[in-house]
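So the structure is just underneath, and the comments pick up after that.
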Ligand code: SF4
């Protein structure tokens, strides 16, 4: 039975994490094929809001062609005596959670990158208008965040209106992000955690610090602080920073404890400023993913909306799959674009001196934050489309990684054999140990707890070499 009698489909937390495949979707709103899309929350004076008003500008769901993808915007305007603009980011991110409570409704990503699908079954049950969807989010906002006294919802599907409204939305995101810049992790004693994406990735928790923005790019440290204070039982919570265990890697005792507790022991150690060993986990709605490129001992970054393959030949979707799901994967790391503007951006790995390839669109967005001596040495898709071109570009520009190639033995493309040290009188030493080692097989994830793997010989071979006849 539905939580709301006048809503044609069920509403509840059990629908969070529901995926709607292309064949099952009635329509898509926003998403990778659509340019115009945004969601925005604005705080307004009480007298400017008509409580409960739902407005639809442009075609409604029932007017859309089955299987089509449409431009889309959602504007939430809220008012309350205790509300201020500092809470806009918090309100905005709740749109993701509340819409996903609706049966047959999938909401992914955030801000200018939203991707929504409405399932055929729910459409058939009567979810054929934005009106009931507006009613659901209105009621959930008013129930879950009583600090909101009045709220109105506007859905926009008219392309001209979206064109008119989008610049203001982009400006609002930028001013929120800019507010969080300048504060250092060492200057605060509390970080914030967010577990909103655990419905999609149960072992993921975002750690939000002044210098490490949330993976989705929608929650800054200030947003985390505001969210935890107005809704302490909500998905965003305070993390006492605790003892600094490793300043370079960004390891804090409070973060380790929070990760352990919130992931039920799946993740026990988190290093905030590196993509290696114990990197921050990645959920599924990160804005960009970084990937290690062994051939040049550098790292690339590719954003969600990048079309085509990254310099290593893999598209965003494949690289994102390598990092997503709440895992800690060496060298693969989901993150926000805003993190690239932080002085702690992979600081333990060399920061920008280790970044070798970034799509032009992203480079343009963050170029004021890239050190001047390296900015022109980082390739984009216009400079390098594959690893050979990348190597040539980096060498020609004398990128900082080139010095490492020369200092270290040149990596060989031939298979390398490592013989295990068998000094221990016949007892093989473990060559790999892991607190939790995931193996993907046949659609199942098998987790070996506290695994120790023994081998007489370990062959390390590049995949490229394996494919050679
Ligand atoms: S990506 Fe992180 S901060 Fe953003 S909603 Fe998900 S868990 Fe929260």
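Numbering (this note's numbering), first residue to last: 10 to 478. From the three backbone atoms N, C-alpha and C, an ideal C-beta is built for every residue, glycine too.
Notebook entry, point to check: Going by Cα to Cα distance, which pick from 225, 371, 396 and 394 is closest to residue 384?
Noted result: For the purposes of this step, residue 384 is taken as the residue at position 375 of the chain shown. Of the candidates 225, 371, 396 and 394, the one whose C-alpha sits nearest the C-alpha of residue 384 is 371.
Notebook entry, point to check: Is residue 116 near the ligand GTP, with its Cβ less than 8 Å from a heavy atom?
Noted result: No copy of the ligand GTP appears in this structure; the ligands present are the ligand SF4.
Next item on the list: Take the Cβ of residue 88 as the centre, count every other Cβ of all protein chains shown within 10 Å, and call the residue buried at 16 or more, exposed below.
Entry: Here residue 88 corresponds to residue number 79 of the chain shown, with the count starting at 1. So residue 88 ends up on the buried side.
Notebook entry, point to check: Given that a residue counts as buried once 16 or more other Cβ atoms are within 10 Å of its Cβ, and exposed if not, what is residue 55?
Noted result: Walking along the chain shown from the start, residue 55 turns up at place 46. With fewer than 16 other Cβ atoms within 10 Å, it is exposed.
Checklist line | Where the beta strand (DSSP E) containing residue 84 begins and where it ends | finding: The sequence position of residue 84 within the chain shown is 75, counting from 1. Here the beta strand (DSSP E) through residue 84 covers 81-88.
Next item on the list: Could you tell me how far apart the beta carbons of residue 340 and residue 285 are, in whole angstroms, since I believe they sit closer than 8 Å?
Entry: Translated into positions along the chain shown, residue 340 becomes position 331. Translated into positions along the chain shown, residue 285 becomes position 276. Taking a contact as a CB-CB distance under 8 Å, the pair residue 340 and residue 285 counts as one, their CB atoms being some 6 Å apart.
Notebook entry, point to check: Skipping 5 residues on each side, what residues in its chain have a beta carbon closer than 6 Å to that of residue 239?
Noted result: Within the chain shown, numbered from 1, the residue matching residue 239 stands at position 230. These residues qualify, in order along the chain: 156.
Note to self: Classify residue 123: buried if its beta carbon has 16 or more other beta carbons within 10 angstroms, exposed otherwise.
What the structure shows: The residue given as residue 123 occupies position 114 in the chain shown. Counting Cβ neighbours within 10 Å, residue 123 comes out buried, since at least 16 surround it.
Next item on the list: Apply the 10 Å Cβ neighbour rule to residue 434 and answer buried if 16 or more other Cβ atoms are within range, or exposed otherwise.
Entry: Indexing the chain shown from 1 puts residue 434 at position 425. With a pLDDT of 33 at residue 434, under the threshold of 50, the modelled position of this residue cannot be trusted; read the value that follows with caution. The residue in question, residue 434, is exposed, as its Cβ has fewer than 16 Cβ neighbours within 10 Å.
Check: When the Cα atoms are used, what is the spatial distance from residue 276 to residue 73?
Finding: The residue you call residue 276 lines up with position 267 of the chain shown. The residue you call residue 73 lines up with position 64 of the chain shown. Distance between the alpha carbons of residue 276 and residue 73: 44 Å.
Notebook entry, point to check: Quick one: what does DSSP say residue 345 is sitting in, helix, strand or coil?
Noted result: Taking the chain shown and counting its residues from 1, one reaches residue 345 at position 336. Residue 345 falls in the coil class under three-state DSSP.
Check: Can you list, in chain order, the stretches of the alpha helix (DSSP H) that have 4 or more residues and sit fully within the segment 123-172?
Finding: 129-134 and 139-153
Check: Are residue 228 and residue 102 close, meaning C-beta to C-beta below 9 Å?
Finding: As a working note, residue 228 is residue 219 in the chain shown. As a working note, residue 102 is residue 93 in the chain shown. Contact: yes.
Check: Quick one: any contact between the segment 388-407 and the segment 316-324, if contact means 3 or more CB pairs under 8 Å?
Finding: yes
Check: Going by other Cβ atoms of all chains shown within 10 Å of its Cβ, with 16 needed for buried, is residue 31 buried or exposed?
Finding: Residue 31 sits at position 22 when you count from the first residue of the chain shown. Burial call: exposed.
Check: DSSP on residue 23, reduced to helix/strand/coil?
Finding: Reading the chain shown from its first residue, position 14 is the one you call residue 23. Note: residue 23 maps to helix in three-state DSSP.
Note to self: Just verifying my parser: in three-state terms, what is the DSSP assignment at residue 47?
What the structure shows: Within the chain shown, residue 47 is the residue found at index 38, counting from 1. The answer is strand: DSSP assigns residue 47 an E or B state.
Notebook entry, point to check: For residue 272 versus residue 342, is the C-beta distance shorter than 9 Å?
Noted result: As a working note, residue 272 is residue 263 in the chain shown. As a working note, residue 342 is residue 333 in the chain shown. No; because the gap between Cβ atoms is not below 9 Å, this pair is not in contact.
Next item on the list: Verify whether the separation of the beta carbon atoms of residue 170 and residue 67 is less than 9 Å.
Entry: Along the chain shown, read from residue 1 onward, the residue named residue 170 stands at position 161. Along the chain shown, read from residue 1 onward, the residue named residue 67 stands at position 58. Yes. Within cutoff.
Note to self: Please report the distance separating the alpha-carbon of residue 289 from that of residue 71.
What the structure shows: The sequence position of residue 289 within the chain shown is 280, counting from 1. The sequence position of residue 71 within the chain shown is 62, counting from 1. Their backbone Cα atoms lie some 42 Å apart in a straight line.
Next item on the list: Have a look at residue 14 and residue 182 and give me their C-alpha separation to the nearest angstrom.
Entry: Here residue 14 is taken as the residue at index 5 of the chain shown, counted from 1. Here residue 182 is taken as the residue at index 173 of the chain shown, counted from 1. Cα to Cα, the separation comes out at about 36 Å.
Check: Measuring from the CB of residue 241, is there a heavy atom of the ligand SF4 at a distance below 8 Å?
Finding: Taking the chain shown and counting its residues from 1, the one referred to as residue 241 is at position 232. Flag unset: Cβ of residue 241 not near the ligand SF4.
Check: Should residue 244 be counted as a contact of the ligand SF4 given a C-beta to heavy atom distance under 8 Å?
Finding: On the chain shown, residue 244 is found 235 positions in, with the first residue counted as 1. Correct: residue 244 has its Cβ closer than 8 Å to the ligand SF4.
Check: Taking the runs of the beta strand (DSSP E) that are 3 residues or longer, which of them lie wholly in the segment 308-386?
Finding: 341-344 and 364-366
Notebook entry, point to check: Taking the alpha carbon of residue 136 as the point to measure from, which residue in 37, 180, 187 and 113 has its own alpha carbon closest?
Noted result: In the chain shown, the residue the question calls residue 136 occupies position 127. Ranking the options by Cα distance to residue 136, first place goes to 113.
Next item on the list: Can you say whether residue 221 is buried or exposed, counting buried as having 16 or more other CB atoms within 10 angstroms of its CB?
Entry: By one-based count along the chain shown, residue 221 stands at place 212. It is buried - the Cβ of residue 221 has at least 16 other Cβ atoms within 10 Å.
Checklist line | Own chain, CB closer than 6 Å to residue 65, minus 5 neighbours either side, in chain order | finding: As a working mapping, residue 65 is identified with position 56 in the chain shown. Here the set comprises 139 and 164.
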